[in-house]
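Worksheet for the structure shown next.
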Amino acid sequence: MQWALLPTGELVIQVQDARRDFPDFDEVLKWEPAEGEPPRGLWTASQLGAEIAYAPVEGGKVVQALIKPARHPLDPHRTPYL
Numbered sequence: 001m002q003w004a005l006l007p008t009g010e011l012v013i014q015v016q017d018a019r020r021d022f023p024d025f026d027e028v029l030k031w032e033p034a035e036g037e038p039p040r041g042l043w044t045a046s047q048l049g050a051e052i053a054y055a056p057v058e059g060g061k062v063v064q065a066l067i068k069p070a071r072h073p074l075d076p077h078r079t080p081y082l
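In terms of the UniProt record's numbering, the sequence shown opens at residue 1 and continues consecutively.
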């Protein structure tokens with residue numbers, strides 16, 4: 001797993017595996033844990049608002065989650081994140 005915080009404030013997380021294809025990609029993105037079942041990584045990322053994509057690369061594929069920073073209204077009493 002690799003991750004980076006981009007200058008735009010976006011967080012990008014990438015995971016590589018040896019399989020080039022991603023069977024049922026759209027169905028995987030719709031998956032939700034049943035009661036008592038632990039959540040999976042892609043589900044957790046999507047709950048955080050991530051845009052999820054994958055691409056074949058030499059030796060397999062890369063699955064990427066891009067999480068954009070939350071938009072907060074301007075509040076003079078709120079401490080900014082640095």
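Quick reminder that beta carbons are idealized off the backbone N, C-alpha and C, glycines included.
- Residue 35: not part of any beta strand (DSSP E); DSSP gives it neither H nor E.
- Of the residues 36, 52, 8 and 31, the one whose Cα lies closest to the Cα of residue 14 is 52.
- Assignment of residue 45 by DSSP, reduced to helix, strand and coil, places it in the helix class.
- In the assembly as shown, residue 63 is a buried residue. Its beta-carbon has 16 or more other beta-carbons within 10 Å.
- Between residue 18 and residue 59, the CB-CB gap stays under 9 Å.
- Rounded to the nearest angstrom, the gap between the Cα atoms of residue 34 and residue 23 is 21 Å.
- At the C-beta level, residue 57 and residue 16 come within 9 Å of one another.
- Non-local C-beta neighbours of residue 68 in its own chain, meaning closer than 6 Å and more than five positions away in sequence, comprise 10, ordered along the chain.
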